[in-house]
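Enquirer:
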Amino acid sequence: MIAASPRNTDLADQFDQLADLSEILGEQSFRVAAYRRAATRIRDTASSVAELALQGKAKELPDIGKTIEAKIVEIAETGEMAALAKRRAEVPVEVASFMRLPGLGPKTAARIWRELGVSTLAELQNAAESQRIRALSGLGAATETKILKALAEGAGPSEPRRGLLGKGLPVVREVVEALRSHPSAIDVSDAGSTRRRRETFRDLDVIATSTDPAALTAHFVSLPWVLEVVAHGETKATVIDRGGLRLDLRVVPPECYGDLLQHFTGSKDHNVALREDAQRRGLSISEYGVTVVETGEVKTFRDEAALYAFLGYAYIPPELREDGGELEAARAGKLPHLVKLADLRGEMHCHSTWSADGKATIEEMATAAAARGYEFLCLTDHSHYLREGRIEEQWAEIDDVNGRLDSFRVLRGVEANINANGIVDVPDDVLAQLDWVVASLHTSFDKNPTERVLAAIDNPHVDCIGHLTGRRISRRHGADLDIDRVIGHAVETGTALEINGQPDRLDMRDAHARLAGEAGVLIPVNTDAHSVESLAYAELGIGQARRAWLTKEQVLNTRSWVEIEVGKT
DNA sequence: GCCGTTTTCGGCCCGACTGTTTTCAGTCG
């Protein structure tokens, strides 16, 4: 039996650790950066990179060359990377976690380890308390205080916690509104990862132009919900709000608003690729403008579209700015026309009080969906609550509601469970009477998940697989599926794979949805709403769909129900 | 380490803030 190949996340973690330890050892910064880029690339790839490497095809990915492919093959075949094992023997691994403390980088971590013999976080705390850090030249009492504060706040070996997009968006919008009300404000916008609709964020970014940058920055740090000011300059400030969220503001003159917005929206990888590309053509890009190196002339741009146009690209929507091929596509005029929230014509996965956890009646859900401008709603209550004749009672209520609603239709659906043995838990004769069948994994995620999902797809009554992996962001990893096989099977059978817009699901994730879309899978953007309010999660789902490069044509519920029924054949 | 519409060698984004300094290195995004 062949051992399962390592998962992309495990490979990526190993390259990140290789980068950390190499950096502490003072190795070439460009090689360290290459390891980090490779880790990111592996993490953002949908297919198994280990499988690709074993076929000699991993080096076709950007940022993966011969050397890194060989290291991946080595991990797949032996379970270990010699280069990493060697460095682990040289550096105590906990020294790398010093770098997780804010303000401490590789140079400082290395000096504390080498010059003081400190190799664990406990020893680091002890060294700071006994004022031994200040003995090192260039470090003082302030550094000791900073270390102790960070350790007391629980910063440590684990990754810093990232917040959910669904939590961050309302906060960043509130801050944007508060800044707009300041008399010196001209333009204010959200930026950063929330503008790109990335599923999680580390901090919330706001940018602005102002007639008086220092006054606007001062207003920002004195907003009522600010708990702590981390940094405060004339054009840039960072605060922590009472919810523990980190907010960054940056201000520049109006004439370079486009430059600033582009810079501060990122992603970092997108900007680096953009700037490297520009540099090859004799241009130097910063948040203040584009410098023609030869003449020293600086061009500034009031909006992003003009900036991208000057650099020779079509306008790139923020959701695509991840260094995932968008620059090449924009240069060639081949960017997709991304799906928009307003394109949605129905909801295809939601619940009512017929599910025990549902908060609204069928009529309330339907009325709310109609108010959003939808034409239909597939009611997909949990199969568990629709047994022993209850589903017929539900159908009667659906008919009743449809009788009262003009030009809106509630469809009969169900969210069936894919059992541990791969069987869909609703009898075929019941499924045959339904308009729309969603099948989802809810338990036993580690028990043959691929085979179970494939079996569900094989059921001719199943129209769609719900929240494909079952992950809960930052709580549960979800099923480790063979995504290529699932997508291949979905294409063969015409089964849809949804994007579930629940803030902690967003499942399929962006990379999976992009691969599915490219393969020809139809993808409904759903909310899995259990209440009227959560129908608004459609915005998060559409963000995810746009990050997956999906067009209106690829998103199933941009069609009318009649068109969808015809497509089902 | 990776990469190539001037390169298979010699490059590799750019600027702000902090703490410790008397002009800068380290860190961060």
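Sequential numbering of the first sequence, starting at 42, is according to the numbering used here.
We put the CB at the ideal spot given by N, CA and C, even for glycine.
Alpha carbon to alpha carbon, how far is residue 514 from residue 207?
Expert: On the first sequence, position 473 is the one that residue 514 refers to. On the first sequence, position 166 is the one that residue 207 refers to. So the two alpha carbons sit approximately 12 angstroms from each other.
Enquirer: Residue 503 by DSSP, collapsed to three states: which one?
Expert: Looking up residue 503 in the first sequence gives position 462. Residue state, collapsed to three classes: coil.
Enquirer: Report all residues from its chain with a CB closer than 6 angstroms to the CB of residue 497; omit the five preceding and five following residues, and keep chain order.
Expert: If you number the first sequence from 1, residue 497 lands on position 456. If we look at residue 497 and ignore the five residues flanking it on each side, its Cβ neighbours are 459, 465, 480, 503.
Enquirer: For my contact list, residue 451 and residue 420 are in at a C-beta cut-off of 8 angstroms; report their separation, rounded to the angstrom.
Expert: Walking along the first sequence from the start, residue 451 turns up at place 410. Walking along the first sequence from the start, residue 420 turns up at place 379. That pair is a contact at about 6 angstroms.
Enquirer: Quick check on residue 268: buried or exposed, where buried means 16 or more other Cβ atoms within 10 Å of its Cβ?
Expert: Counting from one through the first sequence, the residue named residue 268 turns up at place 227. So residue 268 ends up on the exposed side.
Enquirer: In whole angstroms, what separates the C-alpha of residue 136 from that of residue 217?
Expert: Your numbering for residue 136 matches position 95 in the first sequence. Your numbering for residue 217 matches position 176 in the first sequence. If I take the Cα positions, the gap works out to 39 angstroms.
Enquirer: Go ahead and pull the three-state DSSP assignment for residue 598.
Expert: Translated into the one-based positions of the first sequence, residue 598 becomes position 557. Three-state result, residue 598: helix.
Enquirer: Which full runs of the beta strand (DSSP E) of 3+ residues lie inside the region 270-313, going along the chain?
Expert: Within the region 270-313, the complete beta strand (DSSP E) runs of at least 3 residues are 277-282, 287-293.
Enquirer: Can you give the Cα-Cα distance for residue 248 and residue 290, rounded to whole angstroms?
Expert: Residue mapping note: residue 248 aligns to position 207 of the first sequence, counting from 1. Residue mapping note: residue 290 aligns to position 249 of the first sequence, counting from 1. So the alpha carbons of these two residues sit roughly 6 angstroms apart.
Enquirer: Between 68, 366, 376, which has its C-alpha nearest residue 620's C-alpha?
Expert: The shown model of the chain, from 42 to 610, leaves out residue 620, and the question about it has no answer.
Enquirer: Does the region 315-334 touch the region 290-301, meaning 3 or more C-beta pairs lie closer than 8 angstroms?
Expert: Flag = yes, the region 290-301 and the region 315-334 touch.
Enquirer: Does the beta-carbon of residue 543 have 16 or more other beta-carbons within 10 angstroms, so that it is buried, or is it exposed?
Expert: The residue given as residue 543 occupies position 502 in the first sequence. With 16 or more Cβ atoms within 10 Å of its Cβ, residue 543 is classed as buried.
Enquirer: Assuming residue 278 and residue 258 form a contact by the criterion Cβ under 8 angstroms, report the distance between their Cβ atoms to the nearest whole angstrom.
Expert: The residue labelled residue 278 in the question sits at position 237 within the first sequence. The residue labelled residue 258 in the question sits at position 217 within the first sequence. Right, their Cβ atoms sit about 5 angstroms apart.
Enquirer: With a 10 Å radius around its C-beta and 16 neighbouring C-beta atoms as the bar for buried, classify residue 55 as buried or exposed.
Expert: The residue given as residue 55 occupies position 14 in the first sequence. Buried.
Enquirer: Compute the distance between the beta-carbons of residue 151 and residue 65, then report whether it is under 9 angstroms.
Expert: As a working mapping, residue 151 is identified with position 110 in the first sequence. As a working mapping, residue 65 is identified with position 24 in the first sequence. Yes; because the gap between Cβ atoms is below 9 angstroms, this pair is in contact.
Enquirer: How many Å lie between residue 61 and residue 525 at the Cα?
Expert: The residue given as residue 61 occupies position 20 in the first sequence. The residue given as residue 525 occupies position 484 in the first sequence. Roughly 32 angstroms separates the two Cα atoms.
Enquirer: Under 8 angstroms by Cβ, that's how I've got residue 392 and residue 553 pegged, so tell me the actual separation to the nearest angstrom.
Expert: Taking the first sequence and counting its residues from 1, one reaches residue 392 at position 351. Taking the first sequence and counting its residues from 1, one reaches residue 553 at position 512. The pair is not a contact, with the Cβ atoms about 24 angstroms apart (cut-off 8 angstroms).
Enquirer: For residue 389, which three-state DSSP category applies?
Expert: Position 348 of the first sequence holds residue 389. Residue 389: strand per DSSP, three-state reduction.
Enquirer: Rounded C-beta distance between residue 461 and residue 424? I'm assuming under 8 angstroms.
Expert: Counting from one through the first sequence, the residue named residue 461 turns up at place 420. Counting from one through the first sequence, the residue named residue 424 turns up at place 383. Between residue 424 and residue 461 the Cβ distance is about 15 angstroms, and since that is not below 8 angstroms, they are no contact.
Enquirer: Can you list, in chain order, the residues of its chain with a C-beta nearer than 7 angstroms to that of residue 581? Leave out the 5 residues immediately preceding and following it.
Expert: Indexing the first sequence from 1 puts residue 581 at position 540. Hits under 7 angstroms: 206, 207, 542, 544, 547.
Enquirer: Using DSSP with H/G/I as helix, E/B as strand and the rest coil, what is residue 403?
Expert: Translated into positions along the first sequence, residue 403 becomes position 362. DSSP places residue 403 in helix when its eight states are reduced to three.
Enquirer: Can you look up residue 198 in the DSSP assignment and give me helix, strand or coil?
Expert: As a working mapping, residue 198 is identified with position 157 in the first sequence. Its pLDDT being 47, under 50, residue 198 is placed unreliably by the model, and the measurement read from it follows with that caveat. Residue state, collapsed to three classes: coil.
Enquirer: Kindly confirm or deny that the region 130-148 and the region 102-119 touch, where touching means at least three C-beta pairs closer than 8 angstroms.
Expert: No: fewer than three Cβ pairs fall under 8 angstroms.
Enquirer: Can you tell which of 236, 283, 250 has its C-alpha closest to the C-alpha of residue 224?
Expert: By 1-based counting over the first sequence, the position of residue 224 is 183. For the residues 236, 283, 250, the minimum Cα distance to residue 224 belongs to 250.
Enquirer: Is the number of C-beta pairs between the region 174-190 and the region 124-135 that are closer than 8 angstroms three or more?
Expert: At 8 angstroms Cβ cutoff, the stretches do not touch.
Enquirer: Less than 6 angstroms between C-beta atoms, sequence neighbours within five positions excluded: which residues of the same chain meet that for residue 534?
Expert: Residue 534 sits at position 493 when you count from the first residue of the first sequence. Within the same chain, residue 534 has close Cβ partners 498.
Enquirer: Based on the DSSP output, what are the partners of residue 466 in its beta bridges?
Expert: Start at 1 with the first residue of the first sequence, and residue 466 comes out as number 425. DSSP lists no partner for residue 466.
Enquirer: Just to check my reading of the structure: residue 448 and residue 363 have Cβ atoms closer than 8 angstroms, yes? What is that Cβ distance to the nearest angstrom?
Expert: Within the first sequence, residue 448 is the residue found at index 407, counting from 1. Within the first sequence, residue 363 is the residue found at index 322, counting from 1. Not really, about 40 angstroms apart at Cβ, beyond 8 angstroms.
Enquirer: Fully enclosed by the region 178-254, which alpha helix (DSSP H) runs are 4 residues long or longer?
Expert: If we require 4 residues or more, the alpha helix (DSSP H) runs fully inside the region 178-254 come out as 182-193, 206-221, 233-236.
Enquirer: Using 9 angstroms as the threshold, is the C-beta distance between residue 53 and residue 83 below it?
Expert: In the first sequence, counting from the first residue as 1, residue 53 sits at position 12. In the first sequence, counting from the first residue as 1, residue 83 sits at position 42. The answer is yes: Cβ separation under 9 angstroms.
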